[in-house]
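Shown next as structure tokens:
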């Protein structure tokens, strides 16, 4: 294995998160390109191409589990619900392999017999060393109120 391919594999999560950050900063709408993390058009992986500003993702740790940070839930029924976990993230800024990510809350709403899932931002931001993760899974592009 060449050192170049070893370097790429060591930083591939860094590279993808940097790409997602650049994409969200540009927030361009287009209807081409298939779904994947390196899709160059934010919103192209949605059936209905509406205004989007976020490509949510899940990071996986070296042991294979999803990274699930805690966030403070402002709408809770009991003290047990005050702090919750979420594996859904949004990149806010990237410098090299250091990224600031915001934890997203997954919300399910029920209207007229139909369920709709969407994300809401939380107040929790975390600075991460992206070299500590082995995989990234991107989800459908979406709009979140920032």
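Residue numbers (the numbering used here): 58 to 203.
Just so it is clear, CB atoms sit at the ideal spot from N, CA and C, and this is done for glycine as well.
Query                                                                                                     : Result
Validate contact between the segment 144-152 and the segment 108-121 using beta carbons, cut 8 Å, 3 pairs : yes
Per-residue DSSP class, three states only, for residue 94                                                 : coil
Residue 169 burial status per 10 Å Cβ neighbour count (16 or more: buried)                                : exposed
Helix, strand or coil at residue 79 [DSSP, three-state]                                                   : helix
Residue 172: first and last residue of the uninterrupted beta strand (DSSP E) it sits in                  : 171-186
Local conformation of residue 61 per DSSP, three classes                                                  : Note on residue 61: pLDDT 45, under 50, position unreliable in the model; the coordinate value appears next. DSSP places residue 61 in helix when its eight states are reduced to three.
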